[in-house]
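>
In the working numbering, the protein residues as written are 2 to 119.
#1: Taking 7 Å as the limit between beta carbons, can you name the residues of its chain near residue 15, skipping five residues before and five after?
#2: Is residue 63 helix, strand or coil by DSSP?
#3: Closest by CA to residue 2, which one among 98, 26, 106?
#4: Tell whether a beta-carbon distance below 8 Å holds between residue 22 and residue 7.
#5: Tell me which same chain residues have a C-beta within less than 8 Å of the C-beta of residue 47, skipping the five on either side of it?
And the structure:
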């Protein structure tokens, strides 16, 4: 059974940083591409960043230069380092594992809330 468990969300002031983690189990993690998505109230879920099996990365324009996606295939964990956070980054963040780069698979985590507010 595939499980993705996000952690690291919370309340942070504008300009602050958070590091999200996604612990994967029940799958051969190194064989999957990984993505971080977010969904703000009243909005559709959107791709924030993706990382391929080989480590290639893609970012949404809104987070380029501020967020960094990475993965540790030994620990079966993905990460999203978020710096210079803005109020518009407030959302529930989800990780996803899929067979194809930038194509969401069926495997989603439960989400972690990120709130950027003073």
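Glycine included, C-beta positions come from ideal geometry on N, C-alpha and C.
Taking the structure as given:
#1: 86, 87, 88, 117, 119
#2: coil
#3: 26 is the residue among 98, 26, 106 whose C-alpha sits nearest the C-alpha of residue 2.
#4: yes
#5: Excluding its 5 nearest sequence neighbours in each direction, residue 47 has C-beta neighbours in its own chain below 8 Å: 38, 39, 40, 61, listed in chain order.
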